[in-house]
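Here the sequence shown is numbered in my numbering, starting from 327 and rising by one per residue.
The C-beta atom is built at its ideal place from N, Cα and C for all residues, glycine as well.
Report on the structure given below.
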Amino acid sequence: MGKDKNPRRVADNEAMAKLRMLRTSPQKLNLVAALIRGKKVDKALTDLTFSKKRIAEDVKKCLQSAIANAENNHGLDVDDLVVAEAYVGKNLIMKRGRPRARGRFGRILKPFSEITIKVRQVEEQA
């Protein structure tokens with residue numbers, strides 16, 4: 327009397343990793359995600375390693391997690407993987423404030439975001 331197995335969220339030649347609660351705005355995170363979209367994973371890892379953006383280190387961890395999922399959970403070949411999709415979403419926004427002149431209150435918004443990376447195995451043409 328167990329539950330039915332959940333269907334796969336991605337295709338048979340794909341693997342996915344998601345990283346939530348990243349302390350940066352989605353706009354800034356999307357700049358780093360655009361850096362790796364459509365690239366082979368080894369080139370994407372190199373680009374993230376030498377990127378000057380602070381959040382690139384967290385995106386690199388997420389990409390490494392997607393590669394490990396592809397290899398260990400789905401049996402895909404690491405050398406043939408490309409970053410099929412890398413998209414960014416909004417998460418919560420912490421509201422903070424600062425006293426301003428004449429009794430006013432200046433709002434400070436501290437946004438969080440999340441990133442989803444899908445890697446796909448593509449066969450190389452000879």
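- Cα atoms of Gly401 and Ser377: separation of roughly 30 angstroms, rounded to the nearest angstrom.
- The beta carbons of Asn417 and Met342 sit about 18 angstroms from each other, so the pair does not count as a contact at 8 angstroms.
- Per DSSP, Pro437 is one residue of the beta strand (DSSP E) stretching across Phe431 to Gln447.
- Among the bridge pairs identified by DSSP, Ile419 is matched with Pro437.
- Sequence-distant Cβ neighbours of Leu435 in its own chain, meaning closer than 7 angstroms and more than five residues away, are Ile419 and Lys421.
- DSSP places Leu402 outside any alpha helix (DSSP H), giving it a letter other than H or E.
- Shortest Cα-Cα distance from Phe438 to any of Arg335, Pro352 and Leu371 involves Pro352.
- Restricted to the region 332 to 410, the beta strand (DSSP E) segments that are unbroken, complete and at least 3 residues in length are 340 to 348, listed in chain order.
- Between Phe431 and Arg349, the alpha-carbon positions lie close to 23 angstroms from each other.
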